[in-house]
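To start, the structure itself, in structure tokens.
Number of protein chains: 2
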Amino acid sequence: MKSNNPDFAELLREYGSKATPGRVTLLKVLWQEDKPISVAGLKKKLDPSFDEVTLYRALESLTASGLIREVDFRHGHAHYEMNALREHHHHIICTSCGRVEDTECRVQEAKLTKASAFRIITDHTAEFFGLCNSCIKTA
Amino acid sequence: MKSNNPDFAELLREYGSKATPGRVTLLKVLWQEDKPISVAGLKKKLDPSFDEVTLYRALESLTASGLIREVDFRHGHAHYEMNALREHHHHIICTSCGRVEDTECRVQEAKLTKASAFRIITDHTAEFFGLCNSCIKTA
DNA sequence: ATCACAAACGCAATATACTTGCAATTGAAC
DNA sequence: GTTCAATTGCAAGTATATTGCGTTTGTGAT
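Chains A and B supply the protein sequences, listed in that same order. Residues in the first sequence are numbered from 1244 upward in steps of one, following the working numbering. Residues in the second sequence are numbered from 1244 upward in steps of one, following the working numbering.
Written out as structure tokens, the structure reads:
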């Protein structure tokens, strides 16, 4: 549990979204969670009356605006985390137990060559996989 | 189309897999494709009699052995590409038209701090998103 | 305050991606 | 050739995500 919540309604408006009660609650959950969380995980944290389709649409919309961020842990489904108000970072995931740790960004956003068909890079993903210290011991 | 195909049967055995006709064909398709391809894309390239479950199981098995590699383009489904016989690399994806370009690896496999719960990193993903030159012009 | 309207919602239905169980087959090591 | 684990093929099932559409609501303009 974190204290000193930011003003989520205001934050939503800044990112071009309507500050509906559902989205405010969703942001609060993501803020408090502080690690990427799956849709299933979110559903557990949210009131059962929170419509699933609304949730998916909110996640899509807030990801598009950059307020939140989609992360792939190779678990076959997306995870989401707060993107605004945080340092850009990546994750290390334990392939044995699923433990997740933040890690600073060590990616050089590509030096594009003249031969490249790209001139603009807007974003990147980077996740590291390994074994956490507990899982090394028990292996 | 590439010529000078490697010996896929031998390659499969080297990676601890049985060299079944299906897997040899699958590898050939991945080799010739040369960009990451979706399961749907593979099904189109393969004979319709190639069973879908067999395909999924082959992809899982060959990914686990490191012969092929799973890539996430944030399209909601996995893409696969040849991993053996290639330089380690990443991709730039155009978020407008889907164009894909290989890019060399610019990721420093994380410097782990003493505070980290991790000591071993085995693997990483890294994909870049942007706009390709054609899509910039038409934007 | 209230109006107008695009954004967001809620529900039902549907689509896509992927998995499981199990009996039959087959590649490869001996 | 025999053996056996790996792989296949089919049927069924589950998880994940999307679409369509009528209703509601937040917000900016009046």
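Ideal placement from N, C-alpha and C gives every residue a C-beta, glycine not left out. These numbers come from a predicted model, not from an experiment.
{"Asked": "Length of the line joining the Cα atoms of Ala1355 of chain B and Thr1346 of chain A", "Found": "Note on residue identity: the sequence assigns Leu, not Ala, to residue 1355 of chain B. Their backbone Cα atoms lie some 9 Å apart in a straight line."}
{"Asked": "Reference Phe1371 of chain B; option with closest CA among B:Lys1287, B:Thr1338, B:Ser1304 and B:Asp1250", "Found": "B:Thr1338"}
{"Asked": "Other residues of its chain near Arg1312 of chain A: CB distance less than 6 Å, five sequence neighbours each side excluded", "Found": "Glu1324 and Asn1326"}
{"Asked": "Touch test, the segment 1280 to 1297 of chain A against the segment 1249 to 1260 of chain A, Cβ-Cβ under 8 Å, three pairs minimum", "Found": "no"}
{"Asked": "Coarse secondary structure for Glu1330 of chain B, derived from DSSP in three states", "Found": "coil"}
{"Asked": "Beta-carbon spacing of Ile1363 of chain A, Gly1265 of chain B below 8 Å", "Found": "no"}
{"Asked": "Own chain residues within Cβ distance below 6 Å of Thr1368 of chain A, not counting five before or after", "Found": "none"}
{"Asked": "Short Cβ contact (8 Å threshold) for Leu1269 of chain A with Ala1321 of chain A", "Found": "no"}
{"Asked": "Sheet register partners of Thr1346 of chain B (DSSP bridge)", "Found": "B:His1333"}
{"Asked": "Gly1319 of chain B vs Tyr1258 of chain B beta-carbon contact at 8 Å", "Found": "no"}
{"Asked": "Uninterrupted alpha helix (DSSP H) stretches inside the segment 1268 to 1321 of chain A (no shorter than 4 residues)", "Found": "1282 to 1288 and 1295 to 1308"}
{"Asked": "Chain A residues whose Cβ lies nearer than 9 Å to that of Arg1256 of chain B", "Found": "Result: empty, since nearest Cβ-Cβ is about 25 Å, beyond 9 Å."}
{"Asked": "When B:Phe1293, B:Val1282 and B:His1334 are compared against Cys1375 of chain B, the one with the closest alpha-carbon", "Found": "B:His1334"}
{"Asked": "Coil, strand or helix - Glu1352 of chain A by DSSP", "Found": "coil"}
{"Asked": "As assigned by DSSP and simplified to three states, the class of Cys1375 of chain A", "Found": "strand"}
{"Asked": "Residue closest to His1332 of chain B, alpha-carbon to alpha-carbon, out of B:Arg1317, B:Cys1340, B:Gln1351 and B:Ser1377", "Found": "B:Gln1351"}
{"Asked": "Own chain residues within Cβ distance below 7 Å of Thr1297 of chain A, not counting five before or after", "Found": "Gly1265"}
{"Asked": "For Cys1348 of chain B, the nearest candidate out of B:Ser1281, B:Ser1292 and B:Glu1330 (CA to CA)", "Found": "B:Glu1330"}
{"Asked": "Residue interval of the alpha helix (DSSP H) (run including Ala1252 of chain B)", "Found": "Phe1251 to Glu1257"}
{"Asked": "Supposed close pair Leu1328 of chain B, Pro1249 of chain B - CB separation, criterion 8 Å", "Found": "6 Å"}
{"Asked": "Asp1315 of chain B classed as buried or exposed, judged by whether at least 16 other C-beta atoms fall within 10 angstroms", "Found": "buried"}
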